[in-house]
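Here is the structure we will look at.
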Amino acid sequence: MPMKELDTFRVSYLSILDEDANVDKELEPKLKKPELIELYRQMVWARRTDERMLKLQRQGRIGTFGPSTGQEAAQCAVAFAMRKQDWFAGAFREHGVRLLRGESLTRQLVYYNGQEEGNINDGDANPRNLPISVIVGAQPLHAVGLAYAMRLQGEPETCAVTFMGDGATSEGDFHEAMNFAAVWNLPVLFVVQNNQWAISVPRSKQTKSATIAQKAIAYGMPGVQVDGNDALAVYAAASEALDRGRRGEGPTLIEAVTYRLMMHTTADDQYKYRTKEEEELWWRRDPLVRFRAYLEAKKIWSEKDQEALEEEYKVEIEKQVKAFEGMSGWKPDAPFDHVFGTKHERIEAQRREFLAEIAKEADRG
Amino acid sequence: MAKLNMVQAINLALDEMMAEDPSVVVLGEDVGVDGGVFRVTEGLIEKYGEARVIDTPLAESAIIGTAIGMALAGLKPVGEMQFCGFSYIMIPQLEGHGSRYRSRTHGQFHVPLVMRVPYGGGVRALEHHSESREASLGHFPGVKVVIPSGPRNARSLMRAAILDPDPVVYMEPKRSYRAFKEDVPETPETVEIGKAQVIQEGTDVTVIAWGAMMHTTKKAVEEIRQARGASIELIDLLTISPLDTETICASVRKTGRLAVVQEAPLSFGPASEIIATVNDHALMHLEAPVKRVCGYDVVTPYFGRENLYMPTVGRARRGIEEVLDF
Chain G
7 MPMKELDTFR
17 VSYLSILDED
27 ANVDKELEPK
37 LKKPELIELY
47 RQMVWARRTD
57 ERMLKLQRQG
67 RIGTFGPSTG
77 QEAAQCAVAF
87 AMRKQDWFAG
97 AFREHGVRLL
107 RGESLTRQLV
117 YYNGQEEGNI
127 NDGDANPRNL
137 PISVIVGAQP
147 LHAVGLAYAM
157 RLQGEPETCA
167 VTFMGDGATS
177 EGDFHEAMNF
187 AAVWNLPVLF
197 VVQNNQWAIS
207 VPRSKQTKSA
217 TIAQKAIAYG
227 MPGVQVDGND
237 ALAVYAAASE
247 ALDRGRRGEG
257 PTLIEAVTYR
267 LMMHTTADDQ
277 YKYRTKEEEE
287 LWWRRDPLVR
297 FRAYLEAKKI
307 WSEKDQEALE
317 EEYKVEIEKQ
327 VKAFEGMSGW
337 KPDAPFDHVF
347 GTKHERIEAQ
357 RREFLAEIAK
367 EADRG
Chain P
366 MAKLNMVQAI
376 NLALDEMMAE
386 DPSVVVLGED
396 VGVDGGVFRV
406 TEGLIEKYGE
416 ARVIDTPLAE
426 SAIIGTAIGM
436 ALAGLKPVGE
446 MQFCGFSYIM
456 IPQLEGHGSR
466 YRSRTHGQFH
476 VPLVMRVPYG
486 GGVRALEHHS
496 ESREASLGHF
506 PGVKVVIPSG
516 PRNARSLMRA
526 AILDPDPVVY
536 MEPKRSYRAF
546 KEDVPETPET
556 VEIGKAQVIQ
566 EGTDVTVIAW
576 GAMMHTTKKA
586 VEEIRQARGA
596 SIELIDLLTI
606 SPLDTETICA
616 SVRKTGRLAV
626 VQEAPLSFGP
636 ASEIIATVND
646 HALMHLEAPV
656 KRVCGYDVVT
666 PYFGRENLYM
676 PTVGRARRGI
686 EEVLDF
């Protein structure tokens, strides 16, 4: 019996706004001018706050964090395509998504200053943002469960969007999550920010697959690779995936090809494993520069607008950093409040001992 | 009042909770059409449909991981790990996230899920099907671990576990599944998680056991009572974590003697924690060294040898008498 071809597969790559800011008019998403400006503003906000956080870390005013610089299009354009009711289950490098979904800079600073209070959705923060998940690749499963719950509870058009990096695609939970989402036909959007490096391990050592997008094929769901530094392509791919989900057509995987322009975290020295030349190559693909050129070509943005925006953000960042630095009075025994939702004497006894001990420590001076 | 075995009692509790609360869902391998490999979820899919009784793909991490997501969004998932020996795969999700969403967000998110884990030996099963690993699970802050010992408390504990706002690992002693029946009342009962139960009062010695060992220990206690008329206080631990310090220590203060019967390996087990707790709060009331009748620190042997290795009525009796005779 001769071998029969059962199926063939193809993987697509989407680019709309290329490195030189040439736009593909046929694929260009139909965003209104104020929307385009808003998306750009969000990307700049993510960049400027990221830069400020790096400075604060270097000054010892916050702890370790993983900068997002260079990945603003991959983050903000997805968040921009999401609806308010959608869930967000991120990892730890989605600064742009978090800010766009209402989280303040102040709150990021609280988190990176080592306080759980930085995870609380208050103020404008979307109550459907899950907190930062440090364990690589674990949170996609939560997104699948969230989407399942939404459908069962009468919100079938609510999507769950989960982010991870290229390193996470080697984790078992990533594959289990895609499998479950596909089998259950759930509106889950998996966004892999392929930023080329999982700390020191390059994409080429992470997987033998030619693309990460093609991993979706094995699970019976669409996967697409996009230029992750092209906000228009990311937006278009995410919108299409979310629409599919809302129509009950199941999950999608987006591989956003981007680059981590900075260190993995502030505790990392990237020059141990890669070169400045490589970084320079990617600085030339800066998603902000490209998107600004697009707006300027459309005559909806100018040097003057940019100056005004920079000034506005400078003031706002100062305000939020001040707010953070004015915060104090963190309740020392708060961890005992939140072990369980019920009170238990075993925990309460330890709380009393803890409070007595820290009082004695204070007495020692 | 109906006479039920433990399988039927857990099934009844699940049925009652699913009928009462549409947010309760059951998920796991073979829990739907098959009714579970032990038939604990039998009949539920017919009653509540496949959206609420979910036959999942074969992946333990995803069963708990998706259950965490469901719980975050307001469902009350009851997941099944088919055997304790397969449950270690759930630990990264349980410790990494299930136990932490509450503290991580200071209570804004929480994870009211139940993971059912059939455990323990004595059913002539294959490798990885006979372990007793409650100690490992009890070590994670933010996780509650409960173990019923008979049909009646299996039903009330399951109800309590589903109503509980936190992740609860509900370990089911397979050996007791169909070993005996008990009267289970018409009206659903609940128990307080975190509380042990004094099931027989006495003054000469306190004996603590849980799960399948409760049945073994009861027989040993009865033999001792008949042989020498000793007055034994018997405690069913029911909750491994958080441990009920008060009930344990109040009893030891009264009797001055303690024996603990544990199926799990000796070292770092709940028996060790019980002794340390007594050391903290009731040491000066002890009139004899505490005796541990436990499993050994060996890899659980295949079933050809398992009966030699599990605490027996005889070992439990000898251990308790050693304390009485000191």
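Chains G and P supply the protein sequences, listed in that same order.
Residue numbering for the first sequence follows my numbering, starting at 7 and increasing by one per position.
Residue numbering for the second sequence follows my numbering, starting at 366 and increasing by one per position.
The C-beta atom is built at its ideal place from N, Cα and C for all residues, glycine as well.
Hey, how far is the Cα of residue i from the Cα of residue j?
{"i": "alanine 384/P", "j": "asparagine 191/G", "result": "26 Å"}
{"i": "phenylalanine 346/G", "j": "histidine 475/P", "result": "9 Å"}
{"i": "glutamate 445/P", "j": "alanine 585/P", "result": "32 Å"}
{"i": "glutamate 109/G", "j": "glycine 129/G", "result": "8 Å"}
{"i": "leucine 23/G", "j": "glutamate 425/P", "result": "42 Å"}
{"i": "glycine 515/P", "j": "tryptophan 575/P", "result": "10 Å"}
{"i": "glutamate 57/G", "j": "threonine 75/G", "result": "8 Å"}
{"i": "leucine 522/P", "j": "phenylalanine 448/P", "result": "19 Å"}
{"i": "histidine 504/P", "j": "threonine 610/P", "result": "16 Å"}
{"i": "proline 40/G", "j": "isoleucine 306/G", "result": "9 Å"}
{"i": "arginine 290/G", "j": "glutamine 77/G", "result": "13 Å"}
{"i": "arginine 417/P", "j": "arginine 524/P", "result": "17 Å"}
{"i": "proline 607/P", "j": "leucine 623/P", "result": "20 Å"}
{"i": "valine 664/P", "j": "glutamate 499/P", "result": "15 Å"}
{"i": "methionine 371/P", "j": "phenylalanine 403/P", "result": "11 Å"}
{"i": "cysteine 614/P", "j": "valine 572/P", "result": "12 Å"}
{"i": "glycine 461/P", "j": "glutamine 145/G", "result": "10 Å"}
{"i": "glycine 634/P", "j": "serine 495/P", "result": "16 Å"}
{"i": "alanine 314/G", "j": "isoleucine 218/G", "result": "40 Å"}
Check the Cβ of residue i against every Cβ in chain P and list those closer than 8 Å, keeping chain order.
{"i": "asparagine 185/G", "result": "Pro422, Ala424 and Ala427"}
{"i": "valine 345/G", "result": "Arg467, Ser468, Pro506 and Gly507"}
{"i": "alanine 6/G", "result": "Because residue 6/G is not part of the residues shown, which for chain G are 7 to 371, the question remains open."}
{"i": "isoleucine 141/G", "result": "Pro457, Gly461 and His462"}
Would residue i pass as a contact of residue j if the rule is Cβ separation under 8 Å?
{"i": "glutamate 3/G", "j": "arginine 296/G", "result": "This structure leaves residue 3/G out entirely; chain G is present only between 7 and 371."}
{"i": "valine 421/P", "j": "isoleucine 410/P", "result": "Per the sequence shown, residue 421/P should be read as threonine rather than valine. Cβ atoms of threonine 421/P and isoleucine 410/P: not closer than 8 Å."}
{"i": "leucine 361/G", "j": "aspartate 339/G", "result": "yes"}
{"i": "arginine 517/P", "j": "valine 549/P", "result": "yes"}
{"i": "serine 18/G", "j": "valine 230/G", "result": "yes"}
{"i": "aspartate 233/G", "j": "asparagine 201/G", "result": "no"}
{"i": "lysine 619/P", "j": "threonine 582/P", "result": "no"}
{"i": "glutamate 671/P", "j": "glycine 450/P", "result": "no"}
{"i": "valine 194/G", "j": "proline 293/G", "result": "no"}
{"i": "histidine 101/G", "j": "glutamine 114/G", "result": "yes"}
{"i": "lysine 509/P", "j": "proline 477/P", "result": "no"}
{"i": "alanine 239/G", "j": "valine 84/G", "result": "no"}
{"i": "valine 643/P", "j": "isoleucine 600/P", "result": "no"}
{"i": "lysine 656/P", "j": "threonine 612/P", "result": "no"}
{"i": "histidine 580/P", "j": "serine 541/P", "result": "yes"}
{"i": "glycine 397/P", "j": "glutamate 415/P", "result": "yes"}
{"i": "leucine 136/G", "j": "alanine 95/G", "result": "yes"}
{"i": "threonine 168/G", "j": "valine 142/G", "result": "no"}
State the DSSP-derived secondary structure class of residue i, mapped to helix, strand or coil.
{"i": "alanine 87/G", "result": "helix"}
{"i": "serine 18/G", "result": "strand"}
{"i": "glutamate 415/P", "result": "coil"}
{"i": "arginine 481/P", "result": "strand"}
{"i": "asparagine 644/P", "result": "helix"}
{"i": "tyrosine 535/P", "result": "strand"}
{"i": "leucine 602/P", "result": "coil"}
{"i": "methionine 446/P", "result": "coil"}
{"i": "methionine 7/G", "result": "coil"}
{"i": "threonine 610/P", "result": "helix"}
{"i": "lysine 214/G", "result": "coil"}
{"i": "leucine 379/P", "result": "helix"}
Along chain G, in chain order, which residues have C-beta atoms closer than 9 Å to that of residue i?
{"i": "leucine 440/P", "result": "Gly151, Tyr154, Ala155, Leu158 and Gln159"}
{"i": "proline 607/P", "result": "Val345, Phe346, His350, Glu351, Arg352 and Ile353"}
What does residue i reach in chain G if we use C-beta pairs closer than 7 Å?
{"i": "histidine 475/P", "result": "Gly347"}
{"i": "glutamate 611/P", "result": "Glu351"}
{"i": "alanine 416/P", "result": "Leu158"}
{"i": "isoleucine 639/P", "result": "Simply none; closest approach about 12 Å."}
List the residues of chain P that residue i touches, going by C-beta distances under 7 Å, in chain order.
{"i": "glycine 178/G", "result": "Ser426"}
{"i": "phenylalanine 341/G", "result": "Per the sequence shown, the amino acid found at residue 341/G is proline instead of phenylalanine. Near proline 341/G (Cβ distances below 7 Å), the residues of chain P are Ser468."}
Does any heavy atom of the ligand GTP sit closer than 7 Å to the C-beta of residue i?
{"i": "alanine 526/P", "result": "Absence of the ligand GTP from the depicted structure is noted, as is the absence of any ligand whatsoever, leaving it without description."}
On the three-pair Cβ rule with 8 Å, is the stretch 169 to 187 of chain G touching the stretch 145 to 155 of chain G? yes
Examine the Cβ distances between the stretch 242 to 253 of chain G and the stretch 204 to 218 of chain G and report whether three or more of them are shorter than 8 Å. With the cut-off at 8 Å, the stretch 242 to 253 of chain G and the stretch 204 to 218 of chain G do not touch.
Residues of the stretch 511 to 539 of chain P in Cβ contact with chain B at a cutoff of 8 Å, in chain order, please. Here chain B cannot be found, since the structure's protein chains are G and P.
Is the stretch 269 to 276 of chain G close to the stretch 62 to 76 of chain G, with three or more CB pairs under 8 Å? yes
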